[in-house]
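Structure, as structure tokens:
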Amino acid sequence: MPGEPDLEARGRLIRSLGTLRDMLPGSFVERKRACGRPNCHCADGKNLHSQFQVSVLVEGKPKTFNIPAKRVSKVRQQVAMRHRFDAAAATICGINLRRFLKEKEDQ
Ligand SMILES: [Zn+2]
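Just so we're aligned, residue 8 is where the sequence shown starts under the numbering used here, counting upward by one.
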């Protein structure tokens with residue numbers, strides 16, 4: 008489609024969506040907490056432990072799930088994928104809206 012940069016951009020975006028198939032909903036949250044053991048470094052109230060969580064709406068209700076330490080990096084990426092997906096959808100809709108308005112004018 009020479010001379011149709013919008014369609015080329017849309018095609019590239021659509022083809023890139025497959026890499027986002029593992030996306031997760033919600034927000035990635037870091038909470039600081041003390042574990043309660045008196046001899047732990049966190050007992051000073053400053054050097055707290057990090058607990059990573061996913062905060063997500065489940066059937067309209069906000070839920071928070073702890074992320075096991077070994078999965079934090081992967082889950083952070085999965086939540087970011089959702090943001091990339093939403094951005095791609097917004098761009099595609101923008102392209103299609105421009106095309107709709109232009110075709111409407113041409114009639
Ligand atoms: Zn501790």
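All residues carry an ideal CB built from backbone N, CA and C; glycine is no exception. Here the structure is a predicted model, which means the values were calculated and not measured.
At least one heavy atom of ligand 1 sits closer than 7 Å to the Cβ of Ala41.
Residue side-chain check: His56 places its Cβ nearer than 7 Å to a non-hydrogen atom of ligand 1.
Three or more beta-carbon pairs separated by less than 8 Å link the stretch 8–18 to the stretch 94–102, which places the two stretches in contact. Contact check for Gln58 and Arg38: beta-carbon distance about 5 Å, within the 8 Å limit, so the pair qualifies. Pairing Leu31 with Gln60, the inter-Cα distance amounts to about 12 Å. According to the DSSP secondary-structure assignment, Lys39 is paired through a beta bridge with Ser57.
DSSP, reduced to helix, strand and coil, places Leu31 outside both helices and strands of the structure shown, so it counts as coil. When secondary structure is reduced to three states using DSSP, Asn103 falls in the helix class.
The beta carbons of Ser34 and Ser62 sit closer together than 8 Å.
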